[in-house]
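J.: I have a structure I would like to understand better, so I am pasting it below and will then ask my questions one at a time.
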Amino acid sequence: MERTQAPETVRAFKPGLNAADAAAVRAAFESGWIGTGVYARLVEQRVARAAGTPHASAVSSGTAAVHLALELAGVKGGEVITTPLTSPATSRAIRYAGAEPVFCDVEEDTGNLDPRRVAERLGRRARAIVAVHFNGHPCDMDALRRLARERGVPLIEDACASAPLGSAYKGKPLGGLGDFGCFSFGRKVLTTLDGGAVLVRREADAARLKRLRNLGQDDGAGPDERPRDLSERGWPYRLNDLAAAVGLAQFERWAETRARLEALDQTYREAIGGRLSLLARRAYASVVPACFAVRVGGGRKRALRAHLRAQGVRTDDWLRPNHLLAPFKAHRRALPVAEGLASELLYLPFYPGLTDSEAGRVANALRAFKDRA
Numbered sequence: 003m004e005r006t007q008a009p010e011t012v013r014a015f016k017p018g019l020n021a022a023d024a025a026a027v028r029a030a031f032e033s034g035w036i037g038t039g040v041y042a043r044l045v046e047q048r049v050a051r052a053a054g055t056p057h058a059s060a061v062s063s064g065t066a067a068v069h070l071a072l073e074l075a076g077v078k079g080g081e082v083i084t085t086p087l088t089s090p091a092t093s094r095a096i097r098y099a100g101a102e103p104v105f106c107d108v109e110e111d112t113g114n115l116d117p118r119r120v121a122e123r124l125g126r127r128a129r130a131i132v133a134v135h136f137n138g139h140p141c142d143m144d145a146l147r148r149l150a151r152e153r154g155v156p157l158i159e160d161a162c163a164s165a166p167l168g169s170a171y172k173g174k175p176l177g178g179l180g181d182f183g184c185f186s187f188g189r190k191v192l193t194t195l196d197g198g199a200v201l202v203r204r205e206a207d208a209a210r211l212k213r214l215r216n217l218g219q220d221d222g223a224g225p226d227e228r229p230r231d232l233s234e235r236g237w238p239y240r241l242n243d244l245a246a247a248v249g250l251a252q253f254e255r256w257a258e259t260r261a262r263l264e265a266l267d268q269t270y271r272e273a274i275g276g277r278l279s280l281l282a283r284r285a286y287a288s289v290v291p292a293c294f295a296v297r298v299g300g301g302r303k304r305a306l307r308a309h310l311r312a313q314g315v316r317t318d319d320w321l322r323p324n325h326l327l328a329p330f331k332a333h334r335r336a337l338p339v340a341e342g343l344a345s346e347l348l349y350l351p352f353y354p355g356l357t358d359s360e361a362g363r364v365a366n367a368l369r370a371f372k373d374r375a
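Residues 3 to 375 in our numbering are what the sequence shown lists, from first letter to last.
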């Protein structure tokens with residue numbers, strides 16, 4: 003009996019790298035300057051322009067971006083209000099900055115911070131609010147800005163899960179809606195291999211960021227200029243020019259990338275139904291999709307994941323409410339909405355290089371599961 007060959011696996015994620023990125027790295031390499039130089043400054047200009055802020059500082063990761071924003075906010079010794087539905091990097095960064103996270107429950111329909119719960123948890127030790135745009139969908143920034151202003155604390159916008167170009171809240175781009183904004187360019191649909199950016203409005207903050215990301219010393223102007231003396235505590239958080247060159251090449255083809263992501267999003271949406279549903283998109287939100295999470299009701303998430311694996315489709319089940327993780331057990335309390343969403347959300351393959359054939363296989367597998375569930 004002839005054996006049929008198993009279909010090639012559809013990967014959960016694959017970076018969108020191509021020959022243009024390789025050529026950009028070679029050009030940066032041949033420049034003879036691989037530290038934070040002209041390529042990194044060009045990335046900063048592109049990100050600042052996209053977010054509508056005067057200044058952006060390129061750093062080595064999204065975690066570094068959130069950490070440095072918290073340092074600018076002066077949270078040491080206090081509490082930072084945030085969501086449990088985020089990468090542990092957010093909560094770790096709060097600890098790095100010498101503060102403790104205070105986790106609030108989230109909105110049932112979006113997974114974002116619920117402003118009503120934030121108001122309940124903003125105590126006298128609160129030093130900042132970190133608003134994470136869950137899966138790239140904007141938080142209710144008007145409500146959060148109002149709370150931050152009333153309590154006299156800065157609002158930090160964690161847009162690390164968002165596409166850095168195109169997503170907006172009431173027509174205003176993400177990253178520039180709070181006192182400080184943060185992006186990540188690591189395992190993302192627009193990548194610098196690993197990297198991030200902090201967005202600020204005040205020139206004094208921009209100057210300090212350059213010191214903080216450079217071990218507390220001022221940036222030198224080039225390979226022949228010695229850096230100045232250490233002026234404060236800092237970290238090795240610079241983005242190098244090789245990584246920045248990749249990001250610049252990716253910015254150049256963003257329109258093509260965005261169109262591809264939106265087409266994939268539509269393909270998946272047409273396959274959703276039955277026990278499979280999606281988080282809402284509110285009227286104030288313009289979202290360029292950076293991931294695709296399907297919500298699986300009736301305790302069927304494990305069954306869906308097994309079904310997709312049997313069809314050669316890999317998925318990602320990375321989301322763990324941070325308040326349930328071991329390092330934060332001191333902050334453990336019931337957050338039923340966040341815990342419920344985490345138990346239901348499964349992340350499907352979603353990246354620019356996903357072919358029509360592969361996306362079709364995923365969509366057909368979803369329909370088959372929907373029909374039998």
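Glycine included, every Cβ here is placed at the ideal spot set by N, Cα and C.
(1) Taking residue 96 as part of the alpha helix (DSSP H), name the residues at either end of that continuous run.
(2) Closer than 6 Å by C-beta to residue 313: which residues in its own chain qualify, once you throw out the five before and the five after it? Chain order, please.
(3) By a C-beta neighbour count over all protein chains shown, 10 Å radius and 16 as the cutoff for buried, is residue 34 buried or exposed?
(4) Let me check one thing: in DSSP terms, what residues is residue 57 bridge-paired to?
(5) Using only the alpha-carbon positions, how far apart do residue 146 and residue 220 sit?
(6) Count the CB pairs spanning the stretch 342-360 and the stretch 287-306 that are closer than 8 Å, and state whether there are at least three.
(7) Who are the Cβ neighbours of residue 234 in its own chain at under 6 Å, not counting the five residues just before and after it?
(8) Residue 154 to residue 181, Cα distance in whole Å?
(9) Figure out for me which residue from 267, 22, 324, 40 has the closest Cα to the Cα of residue 362.
(10) Do residue 130 and residue 200 come within 7 Å of each other at the CB atom, strictly closer than that value?
(11) Looking at the secondary structure, which residues open and close the alpha helix (DSSP H) in which residue 152 lies?
(12) Tell me where the beta strand (DSSP E) around residue 183 begins and ends.
(13) For residue 36, I'd like the list of residues in its chain whose CB is within less than 8 Å of its CB, leaving aside the five on either flank, ordered along the chain.
(14) Counting pairs of Cβ atoms below 8 Å between the stretch 304-324 and the stretch 203-214, do you hit three or more?
(15) If you count every other CB in all the chains shown that lies within 10 Å of the CB of residue 23, and 16 or more means buried, which is it?
(16) For residue 337 and residue 123, I'd like the C-alpha separation in whole angstroms.
(17) Name, in chain order, the residues that DSSP records as bridge partners for residue 84.
(18) Determine the contact status of residue 333 and residue 136, defining contact as a CB-CB distance below 7 Å.
(19) I need the DSSP call for residue 349, collapsed to helix, strand or coil.
(20) Opposite residue 297 in the DSSP bridges: which residues?
(21) Please state the DSSP three-state secondary structure of residue 216.
(22) Provide the residue(s) that pair with residue 240 in DSSP beta bridges, ordered along the chain.
(23) Does DSSP put residue 318 in a helix, a strand or coil?
(24) Express the C-alpha separation of residue 70 and residue 237 in angstroms, rounding to a whole number.
(25) Using C-beta distances below 8 Å, list every residue in its chain close to residue 25, excluding the 5 sequence neighbours before and after it, in chain order.
(26) For residue 1, does the three-state DSSP call read helix, strand or coil?
(27) Please confirm if the stretch 93-100 is in contact with the stretch 264-284, defined as three or more CB-CB distances below 8 Å between the two stretches.
(28) With a cut-off of 8 Å on the beta carbons, I'd call residue 343 and residue 87 a contact; round off their distance for me.
(29) Measuring alpha carbon to alpha carbon, tell me which residue in 46, 75, 50 is nearest residue 62.
(30) From which residue to which residue does the alpha helix (DSSP H) around residue 119 run?
T.: Reading off the structure:
(1) Taking the sequence shown and counting its residues from 1, one reaches residue 96 at position 94. Counting along the chain, the alpha helix (DSSP H) containing residue 96 begins and ends at 90-98.
(2) As a working note, residue 313 is residue 311 in the sequence shown. These residues qualify, in order along the chain: 367.
(3) Here the question's residue 34 lines up with position 32 in the sequence shown. When all chains shown are included, residue 34 counts as exposed.
(4) The residue you call residue 57 lines up with position 55 of the sequence shown. Residue 57 pairs with 202.
(5) Start at 1 with the first residue of the sequence shown, and residue 146 comes out as number 144. Start at 1 with the first residue of the sequence shown, and residue 220 comes out as number 218. Straight-line Cα distance between these residues: approximately 34 Å.
(6) yes
(7) Taking the sequence shown and counting its residues from 1, the one referred to as residue 234 is at position 232. Excluding positions up to five away in sequence, the list reads 218.
(8) Taking the sequence shown and counting its residues from 1, the one referred to as residue 154 is at position 152. Taking the sequence shown and counting its residues from 1, the one referred to as residue 181 is at position 179. Whole-angstrom Cα-Cα distance: 12 Å.
(9) Within the sequence shown, residue 362 is the residue found at index 360, counting from 1. The residue with the shortest Cα to Cα distance from residue 362 is 267.
(10) Against the sequence shown, residue 200 aligns to sequence position 198. Against the sequence shown, residue 130 aligns to sequence position 128. No, these two residues do not count as a Cβ contact at 7 Å.
(11) Along the sequence shown, read from residue 1 onward, the residue named residue 152 stands at position 150. Run containing residue 152: 143-153, per the alpha helix (DSSP H) assignment.
(12) Working through the sequence shown from its first residue, we reach residue 183 at position 181. Element bounds for residue 183: 182-186.
(13) Against the sequence shown, residue 36 aligns to sequence position 34. The residues are 30, 242, 243, 244.
(14) no
(15) By 1-based counting over the sequence shown, the position of residue 23 is 21. It counts as buried.
(16) By one-based count along the sequence shown, residue 337 stands at place 335. By one-based count along the sequence shown, residue 123 stands at place 121. Cα to Cα, the separation comes out at about 13 Å.
(17) Looking up residue 84 in the sequence shown gives position 82. Answer by DSSP bridge pairing, in chain order: 105.
(18) By 1-based counting over the sequence shown, the position of residue 333 is 331. By 1-based counting over the sequence shown, the position of residue 136 is 134. No; because the gap between Cβ atoms is not below 7 Å, this pair is not in contact.
(19) Here residue 349 refers to the residue found at position 347 when the sequence shown is read from its first residue. Residue state, collapsed to three classes: strand.
(20) Position 295 of the sequence shown holds residue 297. Note: residue 297 sits in a beta bridge opposite 279, 347.
(21) Start at 1 with the first residue of the sequence shown, and residue 216 comes out as number 214. Looking at residue 216 - three-state DSSP - the assignment turns out to be strand.
(22) In the sequence shown, residue 240 corresponds to position 238, counting from 1. For residue 240, which the question treats as bridged, DSSP gives the partners 61.
(23) Taking the sequence shown and counting its residues from 1, one reaches residue 318 at position 316. Correct three-state label for residue 318: strand.
(24) Here the question's residue 237 lines up with position 235 in the sequence shown. Here the question's residue 70 lines up with position 68 in the sequence shown. In a straight line, the C-alpha of residue 237 is about 9 Å away from that of residue 70.
(25) Along the sequence shown, one-based indexing puts residue 25 at 23. Excluding residues within five positions, the ones whose Cβ falls inside 8 Å are 251.
(26) One cannot answer for residue 1 here, as it falls past the ends of the chain, which runs 3 to 375.
(27) no
(28) As a working mapping, residue 343 is identified with position 341 in the sequence shown. As a working mapping, residue 87 is identified with position 85 in the sequence shown. Yes, residue 343 and residue 87 are in contact; Cβ-Cβ is about 7 Å, under 8 Å.
(29) The residue given as residue 62 occupies position 60 in the sequence shown. With distances taken between Cα atoms, residue 62 lies closest to 46.
(30) By 1-based counting over the sequence shown, the position of residue 119 is 117. Taken as a continuous stretch (DSSP letters only), the alpha helix (DSSP H) holding residue 119 covers 117-123.
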